[in-house]
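Note that the protein sequences, when read in sequence, are chains D, L, E and F. Numbering follows full-length UniProt numbering, in which position 11 of the first sequence is assigned residue number 11; successive positions increment by one, without gaps. Numbering follows full-length UniProt numbering, in which position 239 of the second sequence is assigned residue number 239; successive positions increment by one, without gaps. Numbering follows full-length UniProt numbering, in which position 181 of the third sequence is assigned residue number 181; successive positions increment by one, without gaps. Numbering follows full-length UniProt numbering, in which position 88 of the fourth sequence is assigned residue number 88; successive positions increment by one, without gaps. Idealized CB from N, CA, C, for every residue including glycine.
Protein chains: 4
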Amino acid sequence: MTDISEDVLKQVITVRKSDSHKGNYGRILLIGGSENYGGAIIMATEAALNAGAGLIATATHSINLTALHARDPEAMYIDYRDPKLADLIKKMDVVVCGPGLGMSDFAKRILLMLKNNTNEKQIIVLDASALDLIGEDHSLLPLNAGHIIMTPHQMEWQRVSQIKIPYQTDAANIEALASLCPKKNITLVLKSNHTHVYSENGEVMVNPLGNPGMATGGSGDTLSGIIGGFCAQFGAKFETILAAVYIHSLAGDIIYQTNYVVKPTQISKLLPQIMKKYSSLN
Amino acid sequence: MTDISEDVLKQVITVRKSDSHKGNYGRILLIGGSENYGGAIIMATEAALNAGAGLIATATHSINLTALHARDPEAMYIDYRDPKLADLIKKMDVVVCGPGLGMSDFAKRILLMLKNNTNEKQIIVLDASALDLIGEDHSLLPLNAGHIIMTPHQMEWQRVSQIKIPYQTDAANIEALASLCPKKNITLVLKSNHTHVYSENGEVMVNPLGNPGMATGGSGDTLSGIIGGFCAQFGAKFETILAAVYIHSLAGDIIYQTNYVVKPTQISKLLPQIMKKYSSLN
Amino acid sequence: MTDISEDVLKQVITVRKSDSHKGNYGRILLIGGSENYGGAIIMATEAALNAGAGLIATATHSINLTALHARDPEAMYIDYRDPKLADLIKKMDVVVCGPGLGMSDFAKRILLMLKNNTNEKQIIVLDASALDLIGEDHSLLPLNAGHIIMTPHQMEWQRVSQIKIPYQTDAANIEALASLCPKKNITLVLKSNHTHVYSENGEVMVNPLGNPGMATGGSGDTLSGIIGGFCAQFGAKFETILAAVYIHSLAGDIIYQTNYVVKPTQISKLLPQIMKKYSSLN
Amino acid sequence: MTDISEDVLKQVITVRKSDSHKGNYGRILLIGGSENYGGAIIMATEAALNAGAGLIATATHSINLTALHARDPEAMYIDYRDPKLADLIKKMDVVVCGPGLGMSDFAKRILLMLKNNTNEKQIIVLDASALDLIGEDHSLLPLNAGHIIMTPHQMEWQRVSQIKIPYQTDAANIEALASLCPKKNITLVLKSNHTHVYSENGEVMVNPLGNPGMATGGSGDTLSGIIGGFCAQFGAKFETILAAVYIHSLAGDIIYQTNYVVKPTQISKLLPQIMKKYSSLN
Chain D
1 MTDISEDVLK QVITVRKSDS HKGNYGRILL IGGSENYGGA IIMATEAALN AGAGLIATAT
61 HSINLTALHA RDPEAMYIDY RDPKLADLIK KMDVVVCGPG LGMSDFAKRI LLMLKNNTNE
121 KQIIVLDASA LDLIGEDHSL LPLNAGHIIM TPHQMEWQRV SQIKIPYQTD AANIEALASL
181 CPKKNITLVL KSNHTHVYSE NGEVMVNPLG NPGMATGGSG DTLSGIIGGF CAQFGAKFET
241 ILAAVYIHSL AGDIIYQTNY VVKPTQISKL LPQIMKKYSS LN
Chain L
1 MTDISEDVLK QVITVRKSDS HKGNYGRILL IGGSENYGGA IIMATEAALN AGAGLIATAT
61 HSINLTALHA RDPEAMYIDY RDPKLADLIK KMDVVVCGPG LGMSDFAKRI LLMLKNNTNE
121 KQIIVLDASA LDLIGEDHSL LPLNAGHIIM TPHQMEWQRV SQIKIPYQTD AANIEALASL
181 CPKKNITLVL KSNHTHVYSE NGEVMVNPLG NPGMATGGSG DTLSGIIGGF CAQFGAKFET
241 ILAAVYIHSL AGDIIYQTNY VVKPTQISKL LPQIMKKYSS LN
Chain E
1 MTDISEDVLK QVITVRKSDS HKGNYGRILL IGGSENYGGA IIMATEAALN AGAGLIATAT
61 HSINLTALHA RDPEAMYIDY RDPKLADLIK KMDVVVCGPG LGMSDFAKRI LLMLKNNTNE
121 KQIIVLDASA LDLIGEDHSL LPLNAGHIIM TPHQMEWQRV SQIKIPYQTD AANIEALASL
181 CPKKNITLVL KSNHTHVYSE NGEVMVNPLG NPGMATGGSG DTLSGIIGGF CAQFGAKFET
241 ILAAVYIHSL AGDIIYQTNY VVKPTQISKL LPQIMKKYSS LN
Chain F
1 MTDISEDVLK QVITVRKSDS HKGNYGRILL IGGSENYGGA IIMATEAALN AGAGLIATAT
61 HSINLTALHA RDPEAMYIDY RDPKLADLIK KMDVVVCGPG LGMSDFAKRI LLMLKNNTNE
121 KQIIVLDASA LDLIGEDHSL LPLNAGHIIM TPHQMEWQRV SQIKIPYQTD AANIEALASL
181 CPKKNITLVL KSNHTHVYSE NGEVMVNPLG NPGMATGGSG DTLSGIIGGF CAQFGAKFET
241 ILAAVYIHSL AGDIIYQTNY VVKPTQISKL LPQIMKKYSS LN
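Now the structure itself:
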């Protein structure tokens with residue numbers, strides 16, 4: 001069990017090649033945002049955008065379209081009830097599913113649609129309600145994906161793994177992961193005030209950063225967007241995910257130096273500058 | 001009758017424990033915002049968010065959802081006509097009711113629903129239209145709450161207490177409070193250019209700060225959101241409420257140094273920095 | 001014919017009394033914004049708000065509500081088709097009518113409603129479409145108002161006065177004003193790159209400031225909002241209107257020092273700081 | 001084949017005459033933004049506005065109105081399904097068509113309407129979907145325009161010209177242009193990481209600036225808005241278009257110095273300052 005080090009940022013955030021275009025930085029789709037939780041998918045989208053994903057589409061309830069575009073016109077939009085969503089999923093490099101999705105029957109059908117349209121080249125990030133739904137029904141897990149990343153907090157992980165919080169030891173968590181996903185193409189980001197990240201090979205890394213000013217709604221949505229945005233650009237290597245977890249807290253710590261509370265949207269806003277700094281160090 | 005002192009900020013705004021999560025900073029629901037006064041509940045929400053509440057939900061007319069999320073995606077949303085609002089109220093630590101709510105029959109039913117779903121663990125902040133409605137019908141007061149905070153300006157207090165403005169002496173106000181709320185679980189924030197705060201035990205404190213640049217629509221909505229946000233984190237102690245009143249004016253005074261008018265949304269924006277400063281002094 | 005001098009700002013923008021409340025700074029209603037021109041009434045509202053009006057309400061097409069509140073939650077809103085608008089007009093100190101109102105039959109009915117509900121205590125600012133409609137039908141002019149301020153550009157003034165642009169001499173303009181408004185309770189702000197302001201007594205003052213970066217849509221809407229906001233606070237004296245015209249261009253000139261184009265919303269944003277500076281000089 | 005030089009900015013961005021009004025800086029209409037791609041036309045509008053166009057109207061799906069006005073109240077709006085669009089087109093100096101327009105039958109009808117209402121005094125900028133639709137049906141090209149500017153990336157140009165990317169030599173491109181537009185009133189901006197600009201007379205200029213942080217959705221929409229805004233003010237001379245291409249990348253390079261990713265809306269925001277700098281150098 002080792003701390004994630006700052007070096008992972010230099011390693012992962014490479015200088016972009018001049019001979020490149022937006023297709024090189026990945027197509028990412030973010031699915032979530034019911035009528036009540038639209039802010040969650042907006043914050044996840046804003047994070048993916050500022051983390052540098054090449055092309056971004058957001059599938060959400062139509063009620064959330066205008067707030068999304070008022071903040072982030074860079075994101076394409078699709079009504080998550082639109083049957084064309086299935087085709088869109090197929091074209092994506094990364095899909096982030098769950099922020100603000102809710103626990104409705106409709107949300108279950110979304111997860112099923114995701115599963116049925118995922119292929120082995122794709123990276124799927126599962127967060128929030130998506131994890132609770134999978135906790136209720138493991139068959140919703142899109143095992144056919146190339147790589148799965150789960151980002152539960154401890155209670156969500158309890159629901160998925162059936163391991164109660166006090167028993168969520170590294171050994172138990174690794175075993176549960178292997179049992180959930182026999183192909184071992186999965187990474188677990190178990191959020192707490194010392195987030196643990198578990199690789200498909202049983203490696204465990206601990207996030208040394210973060211602060212209690214980040215204990216506010218939307219922090220997790222933002223993390224899932226950063227992970228998605230990083231995977232879209234840098235692939236789903238373990239280091240990529242470690243870098244995403246680390247930079248989320250690093251941004252939060254910088255903001256916390258002068259702010260009692262750290263709003264998730266401030267974290268997203270700071271990402272391009274932090275990424276620039278580390279890209280010029282490698 | 002003593003002035004509130006700057007020290008109350010150091011005392012109340014404690015350094016957050018590293019081993020904490022958003023649940024530690026309270027669940028707050030803000031109810032208000034009719035078709036005509038949506039901005040009021042948006043400003044109250046924005047204040048609660050920047051004051052550091054852990055989880056924020058806003059119940060308002062559906063017409064206000066998009067402007068809310070365009071500004072503050074961190075807040076969850078519920079249509080205030082949704083019957084599920086009753087259950088949501090029950091789960092909250094703090095409910096702020098009134099900003100922009102209006103005087104309709106529907107608004108009365110909201111107050112009744114609030115009263116019927118409040119329990120003795122909850123803190124209820126009553127502002128604006130909620131006070132006018134209670135002035136019309138005292139039975140709407142949610143006496144079963146753990147603690148009630150009223151934030152009238154002088155005319156609203158006249159309607160609630162039946163004491164005309166020139167007769168609103170401390171003695172009269174304290175007597176009226178006791179009569180309104182025999183359990184004495186109530187704090188009165190009587191807004192004027194020298195706001196008086198009355199504790200449940202008959203203590204009276206006066207706000208020495210504030211300026212006439214704050215004499216603009218939305219200032220009161222912002223104060224009710226700050227009080228709610230502070231109570232969500234720090235409990236409904238008298239000092240908490242004094243700190244909320246004081247910081248609202250302190251932020252206003254800082255802005256007034258360089259601005260002829262102080263927009264309420266500027267006050268909210270400044271809160272995290274002021275709170276940081278005082279948290280590091282205690 | 002004299003230039004407006006900087007001194008008028010010191011004279012008009014007085015230090016606010018500490019013993020004051022939002023009612024002291026005027027109630028202002030802004031009417032305009034059809035389905036196509038919603039931005040105009042939003043910009044006028046934003047100007048009135050930043051110019052320091054105490055209470056602001058905006059009557060516009062319902063399609064414009066959300067953009068208004070996403071930018072300026074401080075403004076109350078009413079659908080301009082709501083029959084309650086007539087009563088609201090009666091309660092106002094200042095009404096600004098015209099920005100983005102359009103030339104429909106409905107717009108004419110709005111002007112008629114304004115006329116029928118105006119009283120001798122009120123200040124009415126007529127801008128844009130309102131002037132074109134009055135050009136078509138002089139009987140729409142709300143002569144029963146306490147004071148009328150017209151803010152046409154030269155072509156709009158031609159339509160109102162029937163004086164073609166080359167013949168718009170001071171003498172001709174003063175005569176036309178007297179004929180339009182025999183009670184002489186009118187001020188004319190005739191916009192051009194050297195705006196002339198005509199008092200009810202035949203005084204003429206010229207705006208020495210302004211720049212061609214301000215030649216962009218929304219500049220006039222912003223001016224009408226500033227005039228309305230200043231009148232709400234400082235009354236409809238000739239100096240008040242001169243100060244509003246001057247500060248609009250002064251803000252524009254400051255922005256133009258570093259920007260090739262001056263967006264109207266930037267002007268509004270700068271007003272509180274400029275006003276603070278001049279209030280502390282008097 | 002020569003690089004575009006910084007001098008073109010000094011040459012094109014002239015100091016505005018003090019005796020001017022918004023009509024002098026052109027009327028521009030931007031058409032695009034389906035239900036799914038509203039952000040594209042918002043970004044194009046924001047670019048035209050910040051580039052200094054005098055009067056801006058945006059024709060888009062009604063679902064996009066509020067996000068447009070929440071960001072840019074300066075733009076007039078028309079529902080792109082409104083039959084009055086045809087008349088509006090006729091009154092414009094510049095029309096930008098395509099950002100986020102999509103490939104529907106309706107989009108085709110828009111292009112046909114544009115063609116049927118274009119006259120020889122107008123400048124038409126064709127981007128994105130408009131180019132793909134013209135690729136499918138060359139008869140949609142508005143050859144009756146005074147000047148046409150096409151802004152394809154290489155794949156879009158392949159669809160229009162039938163020249164596959166590896167064969168897109170200058171000679172082939174010039175020949176294809178002449179064949180598309182026998183009157184030779186056309187400029188081609190062929191976007192790549194070294195954008196080539198082809199004049200109607202076969203001149204070719206290469207953009208030496210730009211960076212891979214700009215490889216993000218919306219970059220092209222912003223460029224088309226800048227080109228439109230520049231042509232509205234400075235006419236459709238070859239230098240004008242070169243200046244627009246150059247300043248887009250110059251702004252991007254400045255932002256890239258401190259940001260890993262360059263959001264298109266940041267480019268627009270920076271334009272007024274860069275334009276000011278170069279206007280004072282000429």
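Counting contacts by CB-CB distance shorter than 7 Å, is residue i in contact with chain D?
| i | result |
| --- | --- |
| asparagine 173 of chain F | no |
| arginine 109 of chain L | no |
| glutamine 273 of chain L | yes |
Does the distance from the C-beta atom of residue i to that of residue j stay below 7 Å?
| i | j | result |
| --- | --- | --- |
| valine 94 of chain E | cysteine 231 of chain E | yes |
| methionine 76 of chain L | proline 73 of chain E | no |
| leucine 140 of chain L | leucine 131 of chain L | no |
| leucine 101 of chain E | glycine 32 of chain E | yes |
| methionine 275 of chain D | tyrosine 256 of chain F | no |
| glycine 213 of chain D | alanine 48 of chain D | no |
Strictly under 7 Å for the Cβ-Cβ distance: is residue i near chain F by that measure?
| i | result |
| --- | --- |
| alanine 70 of chain L | yes |
| glutamine 158 of chain D | no |
How close, in whole Å, do the beta carbons of residue i and residue j come, if the pair is a contact with beta carbons under 8 Å?
| i | j | result |
| --- | --- | --- |
| isoleucine 4 of chain L | asparagine 207 of chain L | 6 Å |
| asparagine 24 of chain L | lysine 269 of chain L | No, asparagine 24 of chain L and lysine 269 of chain L are not in contact; Cβ-Cβ is about 24 Å, not under 8 Å. |
| tyrosine 198 of chain E | leucine 180 of chain E | That pair is no contact at about 11 Å. |
| threonine 195 of chain L | valine 245 of chain L | 6 Å |
| arginine 71 of chain F | glutamate 46 of chain F | 6 Å |
Using the rule of at least 16 other Cβ atoms within 10 Å of the residue's Cβ for burial, across every protein chain shown, is residue i buried or exposed?
| i | result |
| --- | --- |
| proline 182 of chain E | exposed |
| glutamate 35 of chain D | buried |
| alanine 215 of chain F | buried |
| residue 300 of chain L | Since the first residue shown for chain L is 1 and the last is 282, residue 300 of chain L is missing from the structure and cannot be characterised. |
| threonine 2 of chain F | exposed |
| histidine 147 of chain L | buried |
| alanine 107 of chain L | buried |
| aspartate 127 of chain E | buried |
| leucine 281 of chain F | exposed |
| glutamate 200 of chain D | buried |
I want to verify the contact list: residues of chain D whose CB lies under 7 Å from the CB of residue i, in sequence order.
| i | result |
| --- | --- |
| asparagine 36 of chain F | Met76, Tyr77, Ile78 |
For a contact defined as C-beta to C-beta under 9 Å, what are the partners of residue i on chain L?
| i | result |
| --- | --- |
| lysine 276 of chain E | Gly213, Tyr256, Gln257, Thr258, Asn259, Tyr260, Val261 |
| threonine 216 of chain D | Lys22, Tyr25, Leu49, Gly52, Ala53, Gly54, Leu55, Ile56, Glu74 |
Residues of chain E with CB closer than 8 Å to the CB of residue i, please, in chain order.
| i | result |
| --- | --- |
| threonine 66 of chain D | Thr66 |
| methionine 43 of chain L | Pro73, Glu74 |
Does chain E have any CB closer than 7 Å to the CB of residue i?
| i | result |
| --- | --- |
| proline 166 of chain F | no |
| tyrosine 25 of chain F | yes |
Taking Cβ-Cβ distances shorter than 8 Å, what residues in chain D pair up with residue i?
| i | result |
| --- | --- |
| residue 342 of chain F | Examination of residue 342 of chain F is not possible in this model, given that chain F is present from 1 through 282 alone. |
What in chain E is Cβ-close to residue i, meaning under 9 Å?
| i | result |
| --- | --- |
| proline 182 of chain F | Those within 9 Å of proline 182 of chain F in chain E number zero; the least Cβ separation is about 37 Å. |
| isoleucine 13 of chain F | Tyr260 |
Using a Cβ cut-off of 9 Å, pull out every chain D residue sitting near residue i, in sequence order please.
| i | result |
| --- | --- |
| glycine 39 of chain F | Leu68, His69, Asp72, Pro73, Glu74, Ala75, Met76, Tyr77 |
Does the beta carbon of residue i come closer than 7 Å to any beta carbon on chain L?
| i | result |
| --- | --- |
| serine 279 of chain E | yes |
Residue i versus chain F: which residues are under 7 Å apart at the beta carbon?
| i | result |
| --- | --- |
| proline 264 of chain E | Glu74 |
Could you list which residues in chain L have their beta carbon closer than 8 Å to that of residue i, in chain order?
| i | result |
| --- | --- |
| isoleucine 31 of chain D | Simply none; closest approach about 16 Å. |
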